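Going down the list, the sequences are from chains F and V. All residue numbers for the first sequence refer to the working numbering, where the first residue is 75 and numbers rise by one. All residue numbers for the second sequence refer to the working numbering, where the first residue is 75 and numbers rise by one. Note that the Cβ used here is the ideal one computed from N, Cα and C, for glycine as well. Since the model is a prediction, treat every value here as computed from it, not as a measurement. Reading through the structure tokens given below for one structure.
Protein chains: 2
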Amino acid sequence: MDADECTQQVTDFAYNVFSQACPSRATLEHVTGRWGSLTLGALSGGALRFNELRRHVDGVSEKMLSQTLHALERNGLVHREARPTNPPHVEYELTPLGREVTDQVMSLIRCVEGRMDDVLAARARYDAR
Amino acid sequence: MDADECTQQVTDFAYNVFSQACPSRATLEHVTGRWGSLTLGALSGGALRFNELRRHVDGVSEKMLSQTLHALERNGLVHREARPTNPPHVEYELTPLGREVTDQVMSLIRCVEGRMDDVLAARARYDAR
């Protein structure tokens, strides 16, 4: 299934994120969550080393980035490539599955960025009430 | 700009979620975050009262749902309608802006739900290492 098909499937999945017991709930939290979406987004441009990722995802701590990458790797979205050089060279990149999910995350990010003028206007109206 | 245009805008926004200082970072966290995406998704079917929302978003506490709705309302994504009846009738619904963002959130949710077989297979491989 390519990314296009992914967006076209609409209903009747065996999984339901709205149910707390469904394993898809945890995966959704990993790909959104505080750092998941930004980490996936940063990798959308290609493989990065840990410290490069840290610079891209402004504000993430070493510990949180490490935990985030671990969860994304476990869920099959990110591949960790360690080349046996000295010193070892470790890179993180999206898997094909991770790329599909990240395409959706990036659409959401672009939508939010593109509508921030309206969001900020709404905030100003709300705070003035 | 309608939802379609929203997805087509790709670059050159004044806002950048990857920068911690950008206000779009906080908005992205509200629309993703632990309960934001599920609350928006639950409202994608139409207006709901608070207790109806609580049932849809399985596992959310009263306090967290209240905070989530507050943030979504402040960011202009959710409208709170209080009819002056006795007892008061309060409903929450997506604004046009909220609907655009929620369309993207639902695409992401459907993508995750649709690929959970692969995610679970990846988890099993990872845990068996």
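Here Y166 of chain F really is in contact with V152 of chain F; their C-beta atoms are around 6 Å apart, less than 8 Å. In this structure, N149 of chain F lies near T101 of chain F, with their beta-carbon atoms less than 8 Å apart. If you look at L102 of chain V, you'll find it in the alpha helix (DSSP H) that goes P97 to V105. In the DSSP assignment, Y166 of chain F falls within the unbroken beta strand (DSSP E) covering H163 to L168.
In its chain, beyond the 5 residues on either side, E165 have a beta carbon closer than 6 Å to the beta carbon of R123 of chain F.
Three or more pairs of CB atoms, one per stretch, sit closer than 8 Å, so the stretch 91-108 of chain F contacts the stretch 98-114 of chain V. According to the DSSP assignment, R154 of chain F belongs to the beta strand (DSSP E) that extends over V152 to R157. Contact between the stretch 87-94 of chain V and the stretch 119-135 of chain F is present, with at least three C-beta pairs closer than 8 Å. Separation of K137 of chain F and A156 of chain V (C-alpha to C-alpha, rounded to the nearest whole angstrom) is 44 Å. Straight through space, the alpha carbons of T142 of chain F and L117 of chain F are spaced by roughly 13 Å. For H130 of chain F, the residues of chain V that pass the 7 Å Cβ criterion are F92, in the order they occur in the chain. In terms of CA proximity to P170 of chain V, V:A121 leads the group V:L112, V:A121, V:P158 and V:D191. The alpha helix (DSSP H) runs of length 4 or more contained entirely in the stretch 122-152 of chain F are, from start to end of the chain, 124-130 and 136-148. A88 of chain V sits in coil when the DSSP states are folded into three classes, being neither helix nor strand.
For D201 of chain V, the closest of F:G119, F:A145 and F:S140 by C-alpha to C-alpha distance is F:A145. For A196 of chain V and L194 of chain F, the gap between their C-alpha atoms comes out near 40 Å. Taking all protein chains in view, the Cβ of D191 of chain F is surrounded by fewer than 16 other Cβ atoms within 10 Å, so the residue is classified as exposed. Here G119 of chain V has no same chain residue with a Cβ atom under 7 Å from its own Cβ, once five neighbours each way along the sequence are excluded. Ranking V:G172, V:P162, V:T113 and V:N90 by CA distance to the CA of L139 of chain V puts V:T113 first.
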